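Counting in this note's numbering, the sequence shown runs from 750 upward without gaps.
Ideal placement from N, C-alpha and C gives every residue a C-beta, glycine not left out.
Computed from a predicted structure; not experimentally measured.
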Amino acid sequence: MPFRLLISLGLVCVLLPLHHGAPGPDGTAPDPAHYRERVKAMFYHAYDSYLENAFPYDELRPLTCDGHDTWGSFSLTLIDALDTLLILGNTSEFQRVVEVLQDNVDFDIDVNASVFETNIRVVGGLLSAHLLSKKAGVEVEAGWPCSGPLLRMAEEAARKLLPAFQTPTGMPYGTVNLLHGVNPGETPVTCTAGIGTFIVEFATLSSLTGDPVFEDVARVALMRLWESRSDIGLVGNHIDVLTGKWVAQDAGIGAGVDSYFEYLVKGAILLQDKKLMAMFLEYNRAIRNYTHFDDWYLWVQMYKGTVSMPVFQSLEAYWPGLQSLIGDIDNAMRTFLNYYTVWKQFGGLPEFYNIPQGYTVEKREGYPLRPELIESAMYLYRATGDPTLLELGRDAVESIEKISKVECGFATIKDLRDHKLDNRMESFFLAETVKYLYLLFHPNNFIHNNGSTFDSVMTPHGECILGAGGYIFNTEAHPIDPAALHCCRRLKEEQWEVEDLMREFYSLKESRSRARRKTMRSGPWEPPAEPGTLSSPENHDQPRGKQPAKQRTPLLSCPSQPFTSKLALLGQVFLDSS
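Given below as structure tokens:
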């Protein structure tokens, strides 16, 4: 088998086999079909190992071929992998796992759980799977997507998190006991991302269930962070949720802050919320003014803007993908290429990389198979078609298989310098890393739908359009269909407009009936007015929104899709002409 030099690790050179389908000496681009199948094989090697050796524990320990609970006791890997199964086309296993989760997962347990992780992995995973259930061939109940077992599980899990938000500031504690609420003596210090990473899941939950409490607490938390920014427009890393005082004042785009910025953009697109986008753009200006150097992003003191840590963290690699969502493609590609050079240096992204020294930081040399750089490659490839992005996908597949693959799955790389492994396979490997790799190499996947196809379903509120594309990935890569947020609610203005029209219709019909009866007694009947001559709702005697003295049933249950519908595809927002 021919070989080629792929990466250089300091003094250690790693030779990886040149597989069929990989680029040859002429530099041809990687074959997407070949790598798509390789990625699928990676998924099933990891997934089957979890089922055989670790279920019902949260995660697999691949070196000892057993399992352990990590973020609670939810069979977490199964929840995290569920929507990936459908993206890979395995509807039968999706259907089986839905039944398994209903029978085995219980949230009434005496467990201290991370509010952040439970939201993004459990609530997000269940919501995504719920919205994809019909596409996966699950026999959904009447009223879906406004009801269903996975939706009820997501709501139950989210309600277990609500006590964490009961603070003087509205910013949540980082940990909550699922049975007893917040423990006495629980630390009030929470990272910024742990406060600002709820709007995607909680707004979706409020829209589907009709209970506004979830979106309300998420919005309050977002606003409190916004109000806590420094005079130069930056936020720190950790804050006291009781006092609102910053405890860690390092400002950057990486660990402890990252998904706060991500959710301002994704929340803005999902909810068509201009205020959230304006907040992000204001932060983006401050970030570029104080942390951006030569297409790297450093850590600075939030009040002064002076550099505190000249390091790149692997979690920051989501940033080029986020830049692509706001259309900043040139800056995104330049930053991506910087990060890609680090990958090629080590065969993965170390947790911390010292930018001036060009090497890893002590005790931060590991790579737990994180997805962020692959995520950015997927977004940017959709936006540009640049084959360099496929090359990153190829390198990721080759490196992970060569370094990380063991008999029972894929192991965290403890040290990229010597390839020592750690006995853990995080659930995000199946939820994010494999998913983004597969989608990078699968341009025709239903997730990439451009609106040319869609499904129409009937809900208690009328007809609803789903599956048209524009999926919003939460920070655990669980896709949310933005159209679903309109399936289970009616905007009050629309309700008033339709009811006004119907009242006018019935009022006119009644007056014509009276006139007809009068004509039959006193003279010849005249034809009704031509269509289009009805007076407008604004001119009707009944003022808009005024309720009658006695509560009445609505005259019409109208479709809940807004008349002024809007759609966001790959970050570009399309508005109708009204």
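In this model, Cys1157 and Leu827 are separated by some 16 Å (Cα to Cα). Taken through DSSP and simplified to helix, strand or coil, Asn926 comes out as strand. Out of Val864, Ala913, Glu904, Asn853, the CA that lies nearest to the CA of Ser877 is found in Glu904.
Considered as a whole, the segment 1067-1101 harbours 1068-1074, 1078-1095 as its complete alpha helix (DSSP H) runs of no fewer than 4 residues, in chain order. Within the model, the alpha-carbon separation for Phe1029 versus Val962 is close to 24 Å.
With three or more CB-CB distances shorter than 8 Å, the segment 1115-1135 counts as touching the segment 1167-1180.
The Cβ atoms of Phe1101 and Thr1109 sit closer than 8 Å to each other. Straight-line measurement puts the Cα of Asp829 at about 6 Å from the Cα of Arg870.
Within 10 angstroms of the beta-carbon of Gln1062 lie 16 or more other beta-carbons, which makes it buried. Proximity to Leu911 across Glu890, Glu1181, Thr924 peaks at Thr924, based on C-alpha coordinates. Per DSSP, reduced to three states, the secondary structure at Pro1228 is strand. Exposure of Gly934 is indicated by the presence of fewer than 16 other C-beta atoms within 10 angstroms of its C-beta. The continuous stretches of beta strand (DSSP E) do not include Ile944, which lies in the alpha helix (DSSP H) extending over residues 942-945. In this structure Ser1205 is exposed. Its beta-carbon is surrounded by fewer than 16 other beta-carbon atoms within 10 angstroms.
When DSSP states are grouped into helix, strand and coil, Lys1163 belongs to the strand group. By the Cβ criterion, the segment 1161-1168 is in contact with the segment 1081-1098, since at least three pairs of Cβ atoms, one from each stretch, lie closer than 8 Å.
Met1058 places its beta carbon less than 8 Å from that of Trp1048. Beta-bridge analysis with DSSP links Phe1222 to Pro1228. Annotated three-state conformation of Asn1193 is coil, per DSSP.
Counting C-beta pairs closer than 8 Å gives fewer than three between the segment 1201-1220 and the segment 940-948, which falls short of the contact rule. Excluding sequence positions up to five before and after Glu964, its CB lies within less than 8 Å of the CB of Ile948, Phe951, Ala952, Leu954, Ser955, Ser956, all in the same chain and listed in chain order. DSSP places Gly1142 in the helix class (H, G or I) of the three-state scheme.
In the three-state reduction of the DSSP assignment, Gln1050 falls in the strand class, which pools E and B. Look at the beta carbons and you see the segment 1064-1074 touching the segment 996-1011: at least three pairs across the two are nearer than 8 Å.
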